[in-house]
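I have placed the structure first, in the form of structure tokens, so that the comments after it can refer back to it.
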Amino acid sequence: MKMIIAVVQDKDSHRLLNELVENNFGTTKLASTGGFLKSGNTTFMIGTEDERVDQAIQIIKHNCQSRSQLVSPVSPMGGNAESYVPYPVEIQVGGATIFILPVENFLQF
Ligand code: 2BA
Numbered sequence: 004m005k006m007i008i009a010v011v012q013d014k015d016s017h018r019l020l021n022e023l024v025e026n027n028f029g030t031t032k033l034a035s036t037g038g039f040l041k042s043g044n045t046t047f048m049i050g051t052e053d054e055r056v057d058q059a060i061q062i063i064k065h066n067c068q069s070r071s072q073l074v075s076p077v078s079p080m081g082g083n084a085e086s087y088v089p090y091p092v093e094i095q096v097g098g099a100t101i102f103i104l105p106v107e108n109f110l111q112f
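So in the working numbering, spot 12 of the sequence shown is number 15, and the numbers just go up one at a time.
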């Protein structure tokens, strides 16, 4: 068995949850915060048999898209002003960041 942990954008989370449930994946959806942007994203925990991992990844790929976002750098307080970029910078966020972990035990009461 594997535990899939997928960090996705909030905008994709509703559609993704529906498709995972429709395909009988046991899923837990958590509200999370990205460390770099310090804004909300969504983390899915999906516990599944090894044989179904690829199917889950395909569903995530199909429902999560990459988007560009403008980030305004914070001005340095007494920091190095020479390296400060005074205009917004475009970054690409998501599709999805996925971790696949082996599950040693799976218990339900
Ligand atoms: P954030 O940490 O808020 O990062 C949002 C996006 O900012 C990243 O998109 C990336 O494009 C950019 N970014 C992150 N760190 C950067 C840096 N040091 N310099 C320049 N740009 C940077 P993604 O890579 O698609 O990541 C989306 C979200 O997935 C992240 O939100 C974070 O919540 C999670 N994530 C990404 N890598 C992770 C990791 N190694 N471990 C745990 N969570 C991770």
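All C-beta atoms, glycine included, are put in the ideal place defined by N, C-alpha and C.
Given the structure is predicted, the values throughout are model-derived calculations rather than measurements.
query	result
Nonlocal neighbours in the same chain, by C-beta distance under 8 angstroms from residue 56, ignoring five residues either side	5, 7, 103
Beta-bridge pairing of residue 97 - partner residues as DSSP gives them	69
Residue closest to residue 48, alpha-carbon to alpha-carbon, out of 16, 33, 96	33
Start and end residues, beta strand (DSSP E) containing residue 44	43-51
Sufficient close CB pairs (3 or more, under 8 angstroms) joining the segment 66-75 to the segment 90-108	yes
Range covered by the alpha helix (DSSP H) that runs through residue 24	13-25
Residue 35 CB to nearest heavy atom of the ligand 2BA below 8 angstroms	yes
Beta carbon nearer than 6 angstroms to a non-hydrogen atom of the ligand 2BA	10, 37, 38, 39, 40, 44, 94, 95, 96, 97, 100
DSSP beta-bridge partners of residue 102	8
Residue 85 to residue 111 span [Cα, whole Å]	56 angstroms
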